[in-house]
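In the numbering used here, the protein residues as written are 171 to 360.
Using N, Cα and C, we set each Cβ at its ideal position, and we do this for glycine too.
Since the structure is predicted, the reported quantities are computational estimates derived from the model, not experimental observations.
Accompanying notes for the structure given below.
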């Protein structure tokens, strides 16, 4: 999703490959970048950003403020931040719990429960093209990537609201025009 975000912005970047099958994310060199040993990590002008919603928020604010990132005074800024946090604070653990067949009671996990998470997603997207209505934002990258992945792995139900949202994100003309898996020059300042 970090790469998708960079592609949406159209900024120049360079990819550093980390082979997680070989455990390179736990090497001292990478742990100096992200002590958690997690991918992705993005560096812009010497600033390291980790965690997908933080990466999406930072990049959208820096390179697309007022467009992919609603401005602070915009009424959409609050919902935008909510869905950014919801992507990894609720959806990611919900999908992982489902994939692992874990059933933790909602009162002991911070993310709630699977059925409420799905109902919240469906309710948020019903009758809308994107999380902020007709306005595509970086929140659609962060949360939309989770929805696409959840449907692909069959950890989200084949609900028409979710499948149509996923299809819109996957067939967006901007996304189709760019090659999201290519590498290019550095982000500005690297």
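As assigned by DSSP and simplified to three states, the class of residue i
i, result
"residue 274", "coil"
"residue 279", "coil"
"residue 183", "coil"
"residue 372", "The question about residue 372 has no answer, for the chain in this structure spans 171 to 360."
"residue 188", "coil"
"residue 171", "coil"
"residue 177", "helix"
"residue 353", "Note on residue 353: pLDDT 34, under 50, position unreliable in the model; the coordinate value appears next. Residue 353 falls in the coil class under three-state DSSP."
Under 9 Å between C-beta atoms of residue i and residue j
i, j, result
"residue 175", "residue 242", "no"
"residue 250", "residue 295", "no"
"residue 328", "residue 339", "no"
"residue 307", "residue 215", "no"
When the options are compared against residue i, the one with the closest alpha-carbon
i, options, result
"residue 267", "303, 323, 307", "323"
"residue 224", "328, 321, 312", "312"
"residue 194", "184, 208, 183", "208"
"residue 287", "298, 255, 297", "255"
*May I have a chain-ordered list of the alpha helix (DSSP H) segments no shorter than 4 residues that lie completely inside the region 197-278?*
198-201, 222-234, 247-256, 262-269
*Secondary structure, alpha helix (DSSP H): runs of 4+ residues fully inside the region 279-349*: With a minimum length of 4 residues, the continuous alpha helix (DSSP H) runs that stay inside the region 279-349 are 284-295, 308-322, 330-340, 343-347.
*Three-pair Cβ contact test at 8 Å for the region 286-296 versus the region 245-263*: yes
*Report yes or no: do three or more beta-carbon pairs, one from the region 197-208 and one from the region 275-283, lie closer than 8 Å?*
no
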